[in-house]
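Residue numbering for the sequence shown is 10 to 308, as defined by the numbering used here.
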Amino acid sequence: MATSPADWLRNGTGLAPRISWAFSTEAELVCLTLARETGDVFAADRLGALYRLNRAGRIQSMSCNLKDIRSLSFSDTGDAGFAIVGEDGFCALDAKLNVVWSADSPCKILGAEIDPYGHNIAMSLDNSDTVLLNIDRKKLSQFHTERPLKHLRFCTDLPRIIGAGEYGHLCCVGFDGQEIWHEKMWCTIGDLSVTENAKTIYLAGFAHGIQTFDADGNNEASFIIEGTPSRVSASHFGDRIVASTVEQQLYWLDSDGTLLWAAMTPEEVVSVICDPLGEWLILGLQSGRVLRLDWESEG
Numbered sequence: 010m011a012t013s014p015a016d017w018l019r020n021g022t023g024l025a026p027r028i029s030w031a032f033s034t035e036a037e038l039v040c041l042t043l044a045r046e047t048g049d050v051f052a053a054d055r056l057g058a059l060y061r062l063n064r065a066g067r068i069q070s071m072s073c074n075l076k077d078i079r080s081l082s083f084s085d086t087g088d089a090g091f092a093i094v095g096e097d098g099f100c101a102l103d104a105k106l107n108v109v110w111s112a113d114s115p116c117k118i119l120g121a122e123i124d125p126y127g128h129n130i131a132m133s134l135d136n137s138d139t140v141l142l143n144i145d146r147k148k149l150s151q152f153h154t155e156r157p158l159k160h161l162r163f164c165t166d167l168p169r170i171i172g173a174g175e176y177g178h179l180c181c182v183g184f185d186g187q188e189i190w191h192e193k194m195w196c197t198i199g200d201l202s203v204t205e206n207a208k209t210i211y212l213a214g215f216a217h218g219i220q221t222f223d224a225d226g227n228n229e230a231s232f233i234i235e236g237t238p239s240r241v242s243a244s245h246f247g248d249r250i251v252a253s254t255v256e257q258q259l260y261w262l263d264s265d266g267t268l269l270w271a272a273m274t275p276e277e278v279v280s281v282i283c284d285p286l287g288e289w290l291i292l293g294l295q296s297g298r299v300l301r302l303d304w305e306s307e308g
């Protein structure tokens with residue numbers, strides 16, 4: 010008997026979602042991001058093609074200008090974006106995926122993020138410096154951390170940046186470059202997600218599970234799931250969490266870490282993104298397959 014492409018969803022545990030839409034990039038998927046206000050999804054593939062998909066999964070814009078793209082971030086409205094290209098290149102993008110300006114860094118760029126309003130950009134370098142720029146390339150501040158930061162997230166309504174190093178450094182820094190707090194952890198960090206104003210911070214801690222911290226950097230809890238979590242994303246208020254593992258497991262959890270649904274994905278996961286209200290998620294698979302998974306009702 011032939012199997013359906015959606016069988017892996019139903020073969021899991023708990024209340025399975027439905028596939029609201031599916032899209033495939035022309036080459037292997039490199040990165041994926043979400044404009045949280047519009048629901049538009051932005052994707053980049055191995056050949057340098059960029060795609061903007063609307064809430065129905067239909068292409069709104071496409072560009073083929075960014076070969077060697079490594080990272081992609083967009084504002085909540087989707088009007089302004091930022092990309093890392095190659096080892097040390099970076100550029101700003103407009104809503105139609107055109108390059109507005111580009112430049113090179115003197116050091117390798119490890120991570121970057123544009124703020125929810127599209128006004129500021131944080132960019133971390135392998136020399137342990139992180140630079141804050143405005144969208145017009147003006148340098149606002151620069152700070153140095155004990156470990157190079159690989160993951161950066163802006164707080165929604167506070168002038169603060171949450172940063173995490175790959176090897177156990179977590180910190181909160183103001184836009185003026187002054188450190189507010191930092192914590193040292195004994196785990197490698199695969200991904201970082203923050204809720205409103207960083208009230209809760211989630212880390213994919215590989216062998217240490219999903220680690221949670223409060224807005225002051227205090228460790229609150231650990232969610233231990235089967236497998237080795239490498240990706241994590243939370244809704245705006247933290248009532249839903251999605252995580253994926255090195256072993257290709259996908260988990261849908263509530264705020265207490267209670268399992269709502271889990272399944273084995275058919276291939277390696279590149280990115281998972283929880284929508285702000287915790288009603289659906291975007292899943293990006295290595296082959297270029299991008300899926301929106303919806304829960305029509307939850308008890």
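Ideal Cβ placement from N, Cα and C applies to all residues, glycine included. It should be emphasised that the depicted structure is a prediction, and the values quoted were computed from it without experimental measurement.
In this structure, DSSP gives Ala36 a state outside helix and strand, which the three-state scheme calls coil. Scanning its chain for C-beta atoms nearer than 6 Å, with the 5 sequence neighbours on each side dropped, one finds around Leu24 the residues Trp270, in chain order. Given a length threshold of 4 residues, the segment 123-183 has no whole run of the alpha helix (DSSP H) inside it.
Taking 8 Å as the cut-off, the beta carbon of Ala58 is found closer than this to the beta carbon of Cys73. If you look at Asp103, you'll find it in the beta strand (DSSP E) that goes Gly98 to Asp103. Looking at the backbone, the Cα of Pro125 and that of Val241 are separated by about 19 Å. Residue pairing by DSSP places Thr204 opposite no residue, since no beta bridge is assigned to it. Nearest to Asp54 by alpha-carbon distance, out of Leu43, Arg169, Glu235 and Thr34, is Thr34. With a threshold of 16 other beta carbon atoms within 10 Å, Gln187 falls short and is exposed. Here the segment 104-114 does not lie against the segment 158-167, with fewer than 3 beta-carbon pairs under 8 Å apart.
DSSP, read as helix, strand or coil, puts Asp77 in coil. Under the three-state reduction of DSSP, His245 is assigned to coil, being neither helix nor strand. The residue from Pro275, Ser264 and Arg169 with its alpha-carbon nearest to that of Glu256 is Pro275.
In terms of Cα proximity to Ser280, the closest of Ile219, Leu201, His245 and Glu175 is Leu201.
Per DSSP, reduced to three states, the secondary structure at Ala252 is strand. Less than 8 Å divides the Cβ of Lys193 from the Cβ of His178. Between Gly90 and Ser82, the CB-CB gap stays under 8 Å.
With respect to Glu229, Thr197 sits apart: the two C-beta atoms are not nearer than 8 Å. CA-to-CA, the gap between Asp135 and Gly98 works out to about 13 Å. In the same chain as Gly293, and ignoring 5 residues on each side of it, the C-beta atoms closer than 6 Å to its own belong to Leu38, Leu41, Val279, Ser280 and Val299, in chain order.
Membership of Leu59 in the beta strand (DSSP E) is indicated by the continuous run Leu59 to Leu62. Remark: C-beta atoms of Gly199 and Phe215 approach each other more closely than 8 Å. Here the C-alpha atom of Asp284 lies approximately 7 Å from the C-alpha atom of Arg45. Going by DSSP, Trp195 is part of no beta strand (DSSP E) at all; its letter is neither H nor E. Under the three-state reduction of DSSP, Trp30 is assigned to strand.
CA-to-CA, the gap between Arg301 and Ser29 works out to about 5 Å.
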